[in-house]
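Report on the following structure.
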Amino acid sequence: MNRRYQSFHHLFVLLLCVAGFQTVTAQDTVKRRTIEITSSFKPSLQQQQKFGFTASATPADSARPKLSYKIPSQNLAFNFVPAPLRPLAFQEDSTLKNAAPSVYVKAGFGNFSTPFLQALASFGNGEKSNGSVEGNFTSSKGNLDYQKAAQYGVKGNLWLHMKQNNSLHLYGGYQGQQTQRYGWEPKATAPVLDSMALQYNTIFVGAGLGNSIAGDAGVSYDAKVDAHFFSDKYDAQETAVRFEAPITKTIGDNASVTVGIKGMLSSFRSNKADFSNNLFMIPVNAQFQLQENISVKAGIIPSWNNKVFKLLPDVSVEYLLNEKNLVLQAGFRGYYDEQTFRSLVAFNPWIQQPDSLTNTRNSEIFAAVKSNVNENLGFSGKSRCRQAKQSATVCK
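Per mature numbering (1 follows the signal peptide of the UniProt record, and there is no 0): the sequence shown = residues -26 to -1, 1 to 370.
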């Protein structure tokens, strides 16, 4: 029994030892999986480096700056057609719309017993219509026998302003002229006074229609027609009608084309002669700008002078010197001087009645210069070489 008890005792002790060893082993395994904090974690930011800016005054510049200015030319040069002006709306003065007609009278007296008188009266408000009526008289008397002359006349104008910048101009009047032949030789012989006197009368009428500003299509026109009835003391009568109708089309900002008709129809009748003098032309030209300071006009003028055809040139070049405010021009052109009994009397009131007339054809090569010195002073000069054919009057 004692042996069996000792054996159980020893077995029990052995089991306790094995159980204790396993317990210690389990405790060691658990201890390895735990985290032991030996110190507390304190987060912190590192110090950043900062730039230190120190302001300092800039050094003073004692050098004087050299500034150059380019002043543009003050000369307004319209190379082609007048530039359209589009002003802002203007509030009209209400007192001007109902303004009374203005009247003025001029009177004077000069040497050679020369009285002068002129009067004019205007009417209209200037918005839809306006007009004027004027009259004049002047005469002179020289120191020689029968040396005296006088001019007098009356004229009326009427302007009707229509829509779309169109306006109609109507005018008419009468102009008279009296003079005498003087310098009679020999003086001992008394002349017949009635044969010394010369008297001319002119009745004229005319009309014009045009637009002041080109429309949206860029087309501008200025049509004119006038007629005069001229007579003298010796039963000479002349009727002449002049007409002109140019039409201009602008192309872009630097070019334009002009086409038109121009001419004169006249007839003369007296006790000695009966004839007509007609002229018809079709001017065609193009104007364009090569550069800012160079413009060119090139055209031709087919013309029929009493059914005789001639082709006239119309070429010119204009060069603008911006720095010197100077304009140079050169060209070659042909044109006609219309000849009528009325135009000859205006040149020489003692001329005899013509038995035939034709228009003078001119060919001209010219060079010109013009400039504006300042706002109030300008100058221009022209040199030309002209050839005239079928001239009615010759000056030597």
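Each residue gets a CB set at the ideal place from its N, CA and C atoms; glycine is no exception.
- Here G273 is bridged, per DSSP, to N259, D288.
- For M238, the enclosing beta strand (DSSP E) starts and ends at 229 to 243.
- Counted as a single uninterrupted DSSP element, the alpha helix (DSSP H) harbouring S169 occupies residues 167 to 170.
- Per DSSP, the beta bridge partners of K363 are R335.
- Counting the other CB atoms within 10 Å of its CB gives L264 a total below 16, which places it among the exposed residues.
- Ranking F83, T314, D288, V233 by CA distance to the CA of T213 puts T314 first.
- D329 places its beta carbon 9 Å or farther from that of F262.
- Judged by DSSP in its simplified three-state form, R155 adopts coil rather than helix or strand.
- Between R307 and V319, the CB-CB gap reaches or exceeds 9 Å.
- Ranked by Cα distance from Y174, the first of D190, L183, G150 is G150.
- Per DSSP, F86 lies in no beta strand (DSSP E) and is assigned neither H nor E.
- At least 9 Å separates the beta-carbon of Q303 from that of A260.
- If you check the CB distance, L118 and L132 do not come in under 9 Å.
- A contact is defined here as three or more CB-CB pairs under 8 Å, and the region 232 to 241 meets this definition with respect to the region 198 to 213.
- Looking at the backbone, the Cα of E101 and that of L183 are separated by about 17 Å.
- Shortest Cα-Cα distance from N99 to any of V270, L134, T112 involves L134.
- In this structure, R335 lies away from N280, with their beta-carbon atoms at least 9 Å apart.
- In the DSSP assignment, G109 is bridged to A93, V128.
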